Amino acid sequence: MSLYEILGTLETGFIFGIVALGAYLTFQILDFPDLTVEGSFPLGAAVAATLIVAAGWNPWLATLAGGVAGFAAGFATAMLNVRFKILHILAGILLSISLYSINLRIMSGPNKPLLMVDTVFTSFEGLGLPGYIINPIFLGIMVLVIKLLLDAFLATGWGISMRAAGANPAMAEANGVNVGNMKLYGVGAANALTAIAGALFAQIFGAADAYMGIGVIIVGLASVIVGMSILPSRTIFLATLACLFGAVLYRLAVALALNADFLGFQASDVQLVTALLVAIALIAQQTGSFRTILRKGGRK
Amino acid sequence: MIELSEVHVTFNKDTPLETRALRGVDLNVPKGQFLTIIGSNGAGKSTSLNVIAGHTKLEVGHVKIDGQDVTNWPVYKRSKMLSRVFQDPKMGTCEDLSILENFALAHGRTRPRGFRYAVGASMRDEAAEQLKVLGLGLEDRLNDKVGLLSGGQRQAVSLLMAATGDTKVLLLDEHTAALDPKTADFVLELTKKIVDDLKLTAVMVTHSMAQALHTGERTVMFHRGKIVFDAGGAERDNMEVADLLELFKREQGEELTDDALLLG
Numbered sequence: 001m002s003l004y005e006i007l008g009t010l011e012t013g014f015i016f017g018i019v020a021l022g023a024y025l026t027f028q029i030l031d032f033p034d035l036t037v038e039g040s041f042p043l044g045a046a047v048a049a050t051l052i053v054a055a056g057w058n059p060w061l062a063t064l065a066g067g068v069a070g071f072a073a074g075f076a077t078a079m080l081n082v083r084f085k086i087l088h089i090l091a092g093i094l095l096s097i098s099l100y101s102i103n104l105r106i107m108s109g110p111n112k113p114l115l116m117v118d119t120v121f122t123s124f125e126g127l128g129l130p131g132y133i134i135n136p137i138f139l140g141i142m143v144l145v146i147k148l149l150l151d152a153f154l155a156t157g158w159g160i161s162m163r164a165a166g167a168n169p170a171m172a173e174a175n176g177v178n179v180g181n182m183k184l185y186g187v188g189a190a191n192a193l194t195a196i197a198g199a200l201f202a203q204i205f206g207a208a209d210a211y212m213g214i215g216v217i218i219v220g221l222a223s224v225i226v227g228m229s230i231l232p233s234r235t236i237f238l239a240t241l242a243c244l245f246g247a248v249l250y251r252l253a254v255a256l257a258l259n260a261d262f263l264g265f266q267a268s269d270v271q272l273v274t275a276l277l278v279a280i281a282l283i284a285q286q287t288g289s290f291r292t293i294l295r296k297g298g299r300k
Numbered sequence: 001m002i003e004l005s006e007v008h009v010t011f012n013k014d015t016p017l018e019t020r021a022l023r024g025v026d027l028n029v030p031k032g033q034f035l036t037i038i039g040s041n042g043a044g045k046s047t048s049l050n051v052i053a054g055h056t057k058l059e060v061g062h063v064k065i066d067g068q069d070v071t072n073w074p075v076y077k078r079s080k081m082l083s084r085v086f087q088d089p090k091m092g093t094c095e096d097l098s099i100l101e102n103f104a105l106a107h108g109r110t111r112p113r114g115f116r117y118a119v120g121a122s123m124r125d126e127a128a129e130q131l132k133v134l135g136l137g138l139e140d141r142l143n144d145k146v147g148l149l150s151g152g153q154r155q156a157v158s159l160l161m162a163a164t165g166d167t168k169v170l171l172l173d174e175h176t177a178a179l180d181p182k183t184a185d186f187v188l189e190l191t192k193k194i195v196d197d198l199k200l201t202a203v204m205v206t207h208s209m210a211q212a213l214h215t216g217e218r219t220v221m222f223h224r225g226k227i228v229f230d231a232g233g234a235e236r237d238n239m240e241v242a243d244l245l246e247l248f249k250r251e252q253g254e255e256l257t258d259d260a261l262l263l264g
């Protein structure tokens, strides 16, 4: 892999790090397997791209607006689950399917190119560094800031209520926590993060696309699982760091698999490689051998 | 302080499994009273506690706490006035949170939570001071996750948590049943001390007749979803387990057959 490719991998790794933080919030903290992200990732992209191209919005504001739209999507999923008792997984599927149509409406078509317009990333062009260097730096800083904000939030009164709501709902309720509301806001916030990641992804690759959400759920989950099975995750600080690490490592693994000629993979095999990697990580986690494999591998 | 009037609860209504758990229960617990509830399996004692806490929906009847009709209040809203210790030590504390964070969570039951850090210096001191009373050395393990504690330690912590804030009513659901005898005694003594010190209104469900008679100041017995016996004052002070069994036999015209109840 060339330096250019490695930096490109870091770039996407950091973007999916934001998705991973959202997945951590839903899967780990709230114990709410949320599939909405398949729709909220392209939703963020569609909203941001359309606002930038069609309405001439400031790209930062447009990205933020994408996040707001993502929050609404997650909130709606949690609402179907909390108020109407629909199974959480099914609620997420319903939302992500409906978002596919909604995204086509928002973009008035299957995609929205972002050519010759100002994006978040054009703001750095004046700094004298080429985009392939400055973009991963910016995204790295951004994802770290989001991580630290999430860490701080999870230590507040609201944060520990959310953690208790996921870990021990009966106990949380007995201590005055409105568990339903925690799910509404938590799943909403996770999808806001995912949508912001989608908005950034569209801006860096030059287009929002209705199909760009396929596999996002697996990417987010893979990052959390891979990260947390390799790195220690005793505290929230370490756990979120492990998620970010997992996201980057995961992108690296995919890039390597696609780059290795002897494996014979093509770019179109990315989803297959993704699924294989996740399956391997899950099996290794079940048998408890992931860390030992890595340690032994390191010794050889 | 707690008023149940004409409470009926039926589980699995209109199915072959229909169970009439409570069949017209009237219970009035005045402020500051420590009431114990006894009864065999399926008598309705835990259900009545669930009715007070809001876990179980009533078919008919009303629940009042501190003069307010809370019949339709959800659990989390009622928890502003009442706190609860469960039978399962794992239920009363959150194992993924540290001891200190658990205290902070309980603290937020009666006070606003907000976006400030949940665990401040004053919270740390307060929790350490309370934990010191236990003599278990937990005051030096404030940042340990509760999942690392033993069942007895967790139950003691839940009890302290239940007593934080401006709680008015303490509900105890066979909270010593899952502990070994020595730890159970310790937790029971701690319970009496807390209820006494804070002048709480308390309701304790228990499986042990002796414990029911020797704790608190009033005992009611449930049988088949109804209160069959209610004793307090001197009558209760002079009562032994054998008297209770005799009384039950006379009132119900049948023998008590629940081994756990007799042996406890």
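Sequence order for the protein chains is A and B. Counting from 1, position 156 in the first sequence corresponds to residue 156 in UniProt numbering; the numbering is continuous, with no gaps. Counting from 1, position 200 in the second sequence corresponds to residue 200 in UniProt numbering; the numbering is continuous, with no gaps. We put the CB at the ideal spot given by N, CA and C, even for glycine. Quantities reported herein were computed from a predicted structural model and do not represent experimental measurements.
| request: In the DSSP assignment, find the alpha helix (DSSP H) that holds T240/A and state where it starts and stops. | output: Here residue 240/A refers to the residue found at position 240 when the first sequence is read from its first residue. Looking at the DSSP string, the run of the alpha helix (DSSP H) that includes T240/A is I236 to N259.
| What is the residue span of the alpha helix (DSSP H) that S96/A lies within? | The residue you call residue 96/A lines up with position 96 of the first sequence. First-last of the alpha helix (DSSP H) with S96/A: H88 to M107.
| Roughly how many angstroms lie between the CA atoms of G264/B and T219/B, to the nearest whole one? | On the second sequence, residue 264/B is found 264 positions in, with the first residue counted as 1. On the second sequence, residue 219/B is found 219 positions in, with the first residue counted as 1. Any reading at G264/B is ruled out, since the residue's pLDDT is 49, under 50, leaving its predicted position unreliable.
| Residue of L49/B, D69/B and K57/B minimising C-alpha distance to residue 266/B | Here chain B covers residues 1 to 264 and nothing more, so residue 266/B does not appear.
| query | For A231/B, which of helix, strand or coil comes out of DSSP? | reply | As a position in the second sequence, residue 231/B is number 231, starting the count at 1. Strand.
| Would DSSP call G39/B helix, strand or coil? | Walking along the second sequence from the start, residue 39/B turns up at place 39. Reduced to three states, the DSSP call for G39/B is strand.
| request: Starting from the C-beta of H55/B, find all residues in its chain whose C-beta is less than 7 Å away, skip the five residues before and the five after it, and write them out in chain order. | output: Along the second sequence, one-based indexing puts residue 55/B at 55. So the qualifying residues of the chain are V75.
| field | Neighbouring residues, chain A, relative to L160/B (Cβ below 9 Å) | value | For the purposes of this step, residue 160/B is taken as the residue at position 160 of the second sequence. Those within 9 Å of L160/B in chain A number zero; the least Cβ separation is about 13 Å.
| Helix, strand or coil for D26/B per DSSP? | Locating residue 26/B in the second sequence gives position 26, where the first residue counts as 1. Looking at D26/B - three-state DSSP - the assignment turns out to be strand.
| The beta strand (DSSP E) enclosing V203/B, as first and last residue numbers | Residue numbering aside, residue 203/B sits at position 203 when the second sequence is read from its first letter. Segment T201 to V205, the beta strand (DSSP E) holding V203/B.
| said: Residues of chain A with CB closer than 8 Å to the CB of S79/B, please, in chain order. | reply: By one-based count along the second sequence, residue 79/B stands at place 79. Those are E173, A174, N175 and G176, listed as they occur along chain A.
| task | State the beta-bridge partners of N111/A as determined by DSSP. | result | Position 111 of the first sequence, counted from the first residue, corresponds to residue 111/A. Note: N111/A sits in a beta bridge opposite D209/A.
| task | Could you work out which residue in D34/A, A210/A and R234/A is closest to V19/A when comparing CA atoms only? | result | To locate residue 19/A, count along the first sequence from 1; it is residue 19. The shortest Cα separation from V19/A among D34/A, A210/A and R234/A belongs to D34/A.
| message | Cβ closer than 7 Å: which chain B residues qualify as neighbours of R163/A? | response | As a first step, residue 163/A must be located in the first sequence, where it is residue number 163. The contacting residues are D96 and L97.
| request: Would you identify the three-state DSSP class for I65/B, choosing helix, strand or coil? | output: Reading the second sequence from its first residue, position 65 is the one you call residue 65/B. Strand, per DSSP.
| request: Would you kindly check if the distance between the Cβ of D31/A and the Cβ of P110/A is under 8 Å? | output: For the purposes of this step, residue 110/A is identified with residue 110 of the first sequence, where counting begins at 1. For the purposes of this step, residue 31/A is identified with residue 31 of the first sequence, where counting begins at 1. Not closer than 8 Å, so no.
| Rounded C-alpha distance that separates G39/A from L105/B | Counting from one through the first sequence, the residue named residue 39/A turns up at place 39. Counting from one through the second sequence, the residue named residue 105/B turns up at place 105. Computed Cα separation, rounded: 34 Å.
| message | Please report the straight-line C-alpha distance between N102/B and L129/A, rounded to a whole angstrom. | response | The count along the second sequence starts at 1 and reaches residue 102/B at position 102. The count along the first sequence starts at 1 and reaches residue 129/A at position 129. If I take the Cα positions, the gap works out to 49 Å.
| field | Opposing strand residues paired with H8/B [DSSP bridges] | value | Residue mapping note: residue 8/B aligns to position 8 of the second sequence, counting from 1. BP columns for H8/B point to R23/B and V60/B.
| Reference R83/A, options L104/A, L99/A, V179/A and G8/A, closest by Cα | Taking the first residue of the first sequence as 1, we reach residue 83/A at position 83. The shortest Cα separation from R83/A among L104/A, L99/A, V179/A and G8/A belongs to V179/A.
| Ends of the alpha helix (DSSP H) at S122/B? | Along the second sequence, one-based indexing puts residue 122/B at 122. Per DSSP, S122/B belongs to the alpha helix (DSSP H) from A121 to K132.
| task | Anything in chain A within Cβ reach of T93/B, meaning under 9 Å, just list it in chain order. | result | The count along the second sequence starts at 1 and reaches residue 93/B at position 93. Chain A residues near T93/B: N168 and M171.
| task | Name the two residues that bound the continuous beta strand (DSSP E) containing D173/B. | result | Walking along the second sequence from the start, residue 173/B turns up at place 173. That run of the beta strand (DSSP E) goes V169 to D173.
| query | In the segment 142-159 of chain A, which residues sit with their C-beta less than 9 Å from some C-beta in chain B, listed in chain order? | reply | A152, F153, A155, T156, G157, W158 and G159
| task | On a CA-only basis, which of V145/A, K183/A, I15/A and G67/A is nearest I196/A? Give me that one, please. | result | As a working mapping, residue 196/A is identified with position 196 in the first sequence. Ranking V145/A, K183/A, I15/A and G67/A by Cα distance to I196/A puts G67/A first.
| message | Here's the rule I'm using: 16 or more other beta-carbon atoms within 10 Å means buried, otherwise exposed. How should F245/A be labelled? | response | Numbered from 1 along the first sequence, position 245 holds the residue referred to as residue 245/A. Classification for F245/A: buried.
| message | Just to make sure I have the definition right: I need the residues of chain A whose C-beta is within less than 7 Å of the C-beta of V75/B. Which are they? | response | Reading the second sequence from its first residue, position 75 is the one you call residue 75/B. By Cβ distance, chain A contributes E173 and A174.
| field | Cβ-based neighbour list, N81/A, same chain, cut-off 6 Å, excluding 5 preceding and 5 following | value | The count along the first sequence starts at 1 and reaches residue 81/A at position 81. H88 and A91, listed in sequence order.
| Bridge-paired residues (DSSP) for M221/B | The count along the second sequence starts at 1 and reaches residue 221/B at position 221. Beta-bridge pairing links M221/B to I38/B and F229/B.
| field | N- and C-terminal bounds of the alpha helix (DSSP H) containing S79/B | value | To locate residue 79/B, count along the second sequence from 1; it is residue 79. It is not in any alpha helix (DSSP H) - S79/B carries neither H nor E in the DSSP assignment.
| task | Evaluate Q203/A with the Cβ neighbour count: other Cβ atoms within 10 Å of its Cβ, from every protein chain shown; 16 or more gives buried, anything less gives exposed. | result | Here residue 203/A refers to the residue found at position 203 of the first sequence. Looking at its Cβ environment, which holds 16 or more other Cβ atoms inside 10 Å, Q203/A is buried.
| What is the DSSP secondary structure of I214/A, reduced to helix, strand or coil? | By 1-based counting over the first sequence, the position of residue 214/A is 214. Coil.
| Buried or exposed: where does M221/B fall if 16 or more other Cβ atoms within 10 Å of its Cβ makes it buried? | What you label residue 221/B is simply residue 221 of the second sequence in a count that begins at 1. When all chains shown are included, M221/B counts as buried.
| task | Output the distance between the C-alpha atoms of Q271/A and I6/A, rounded to the nearest integer angstrom. | result | For this step, residue 271/A is matched to residue 271 along the first sequence. For this step, residue 6/A is matched to residue 6 along the first sequence. Answer to the nearest angstrom: the Cα atoms are 20 Å apart.
| Per-residue burial, V187/B [other beta carbons within 10 Å of its own, 16 or more giving buried] | Taking the first residue of the second sequence as 1, we reach residue 187/B at position 187. It counts as buried.
| query | In angstroms, rounded to a whole number, what distance separates the CA positions of E3/B and L94/A? | reply | Reading the second sequence from its first residue, position 3 is the one you call residue 3/B. Reading the first sequence from its first residue, position 94 is the one you call residue 94/A. Distance between the alpha carbons of E3/B and L94/A: 45 Å.
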